[in-house]
Amino acid sequence: MKGLFSKLTVICLSAMLLAINSQAATNQPGIVLTFDDTSTGLWHNFFAGRTDNVRATFFVSQWHTLSAAQIQQLRDLQNHGHEIGCHSRNHIGVGQYLFDPNRTLEYVNTEVIPAIRNMNNDGFYPLSFSYPSGERNENYDAAIRPYLPYLRTTYYDPARPLAQNDQIYHNSDKVYAVLAGASLDNRYGVTIAEIEQALIRAKNNHEIISLYGHYIFDDASGDADSQYAIRASKLNQIIAIAQRLGLRFYTFHEAFEVQNQLIPLPVSSAGSVNNTGTATAPPDAIPQTNNNNGGGGSFHLSYLLLVFALKVRQSFKKTITI
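Read in order, the letters of the sequence shown are residues -24 to -1, 1 to 298 in mature numbering (1 follows the signal peptide of the UniProt record, and there is no 0).
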């Protein structure tokens, strides 16, 4: 009887959790601004003092090299409503593993789990992962997803303007396992006019567009035109256009969650539960099954209850703040 009750409880809670996610699904057009690597000071200078509704996501690599001051900058950004995601431990791409399906667990053990642990040690509990250099395939998606369920890659097609790149748009009617972002970096030469047309498409089609960058330099900086940078003035122009069009600024995990289906939560045996209701897992909890489906794993009832409670709290907070 006790076992039956537990199973029924799991089923009911799963259904309720799915309902919460479904209620959160939206076709509200929007924009996702993401930034990669370790430029915490530049990000903090641009975003931390804002008083508007602009939100961004910062995917951090090499966490173990950050100073206490840099970690505090990230904490300030998180406290202002921005998301702090994971960008691997050493900024090593899947390409260095030759995209080998037999090395997915090696990659997770080397680049993903240690990065999560380092972040956890400083009080950060990531939901999202961006692939270094955008290198990925479905085998690596499946291996990483149990621990960081929201995945971002990159997309570039020099033959078409941004507004014609379907891969960087999504909404709750689209089925996706990974979101792709287009770069704002100087090296790609994307103009304000081109970006404006891309944002207009998002508004007209009730879509969300994903964009990414690295450094944000003031115009007076000698590095303002470096290849992996965007000028602060240009980013401000993009933000102003998005605001004029009435686009919502999503964090990455918010944008990912508009999909009208339940995203698998990370498996956990003794992991940490994070501030938005997911949990990280220690290395020995990595599913040891075939690499094609990324492994299995089950939720403990107590863990599912905790995730459910956090989801309810998160949903309630969104209800009263929007």
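Each residue gets a CB set at the ideal place from its N, CA and C atoms; glycine is no exception.
If you're wondering where the values come from, they're calculated on a predicted model, not measured in any experiment.
Would Phe23 pass as a contact of His190 if the rule is Cβ separation under 8 Å?
Stepping through the sequence shown from its first residue, residue 23 is reached at position 47. Stepping through the sequence shown from its first residue, residue 190 is reached at position 214. Inclusion of Phe23 and His190 in the CB contact set at 8 Å is not warranted, their separation being larger than that value.
Residues in the same chain with beta-carbon distance under 6 Å from Gln4, minus the five sequence neighbours each way, listed in chain order, please.
Here the question's residue 4 lines up with position 28 in the sequence shown. Here the set comprises Arg224.
Measure from the alpha carbon of Ser106 to the alpha carbon of each residue in Ala135, Leu74, Tyr123, Cys62, then state which is nearest.
Residue 106 sits at position 130 when you count from the first residue of the sequence shown. Nearest option by C-alpha distance: Cys62.
Which residue spans inside the region 22 to 93 form an unbroken beta strand (DSSP E) run of at least 3?
Fully enclosed beta strand (DSSP E) runs of 3 or longer: 33 to 36, 59 to 62.
Whole-angstrom Cβ separation of His229 and Glu59, contact assumed at under 8 Å?
Here residue 229 corresponds to residue number 253 of the sequence shown, with the count starting at 1. Here residue 59 corresponds to residue number 83 of the sequence shown, with the count starting at 1. With 8 Å as the limit, His229 and Glu59 qualify as a contact, their Cβ atoms being about 6 Å apart.
Could you give the DSSP three-state label for Tyr132: helix, strand or coil?
Within the sequence shown, numbered from 1, the residue matching residue 132 stands at position 156. Note: Tyr132 maps to coil in three-state DSSP.
Pull the bridge partners of Gly99 from the DSSP assignment, please.
To locate residue 99, count along the sequence shown from 1; it is residue 123. According to DSSP, Gly99 bridges with nothing at all.
Nearest to Pro102 by CA position, among Glu111, Ile89, Pro108, Leu211, is which residue?
For the purposes of this step, residue 102 is taken as the residue at position 126 of the sequence shown. Here the closest residue by C-alpha is Ile89.
Pick helix, strand or coil for Ser104, following the three-state DSSP scheme.
Working through the sequence shown from its first residue, we reach residue 104 at position 128. In the three-state reduction of the DSSP assignment, Ser104 falls in the strand class, which pools E and B.
Below 7 Å CB to CB, which residues in the same chain sit around Asp76 once its five sequence neighbours on both sides are set aside?
Walking along the sequence shown from the start, residue 76 turns up at place 100. Its chain contains no residue whose beta carbon lies nearer than 7 Å to that of Asp76 once the 5 sequence neighbours on both sides are disregarded.
Could you give the uninterrupted runs of the alpha helix (DSSP H) lying entirely in the region 176 to 223, keeping only those of 4 residues or more?
List check, alpha helix (DSSP H) in window: 208 to 220.
Hey, out of Asp201, Asn181, Ile206, whose CA is closest to Leu187's CA?
For the purposes of this step, residue 187 is taken as residue 211 along the sequence shown, with counting starting at 1. For Leu187, the nearest C-alpha among the options comes from Ile206.
Residues in its own chain within less than 6 Å of Gly69 by CB, not counting five upstream and five downstream?
Along the sequence shown, one-based indexing puts residue 69 at 93. Same-chain partners within the cutoff: Pro108, Ser109, Glu111.
Nearest-angstrom Cα distance between Ala32 and Gln235?
The residue labelled residue 32 in the question sits at position 56 within the sequence shown. The residue labelled residue 235 in the question sits at position 259 within the sequence shown. Cα to Cα, the separation comes out at about 19 Å.
Considering only residues of the region 109 to 153, which uninterrupted alpha helix (DSSP H) runs meet the minimum length of 4 residues and lie entirely inside it, listed in chain order?
For the region 109 to 153, the continuous alpha helix (DSSP H) assignments of 4+ residues that do not extend past its boundaries occur at 114 to 120, in sequence order.
For the region 159 to 172 and the region 210 to 219, state whether three or more C-beta atom pairs, one from each stretch, are separated by less than 8 Å.
A contact exists between the region 159 to 172 and the region 210 to 219.
Checking the sheet assignment: what are the DSSP bridge partners for Ser15?
The residue you call residue 15 lines up with position 39 of the sequence shown. Per DSSP, none; premise fails for Ser15.
Can you tell me which of Thr130, Ile47, Gly6, Trp19 puts its alpha carbon nearest to the alpha carbon of Asn94?
Locating residue 94 in the sequence shown gives position 118, where the first residue counts as 1. The shortest C-alpha separation from Asn94 is found at Ile47.
Can you have a look at His40 and say buried or exposed, based on whether 16 or more other CB atoms are within 10 angstroms of its CB?
Numbered from 1 along the sequence shown, position 64 holds the residue referred to as residue 40. Exposed, because fewer than 16 other Cβ atoms sit within 10 Å of the Cβ of His40.
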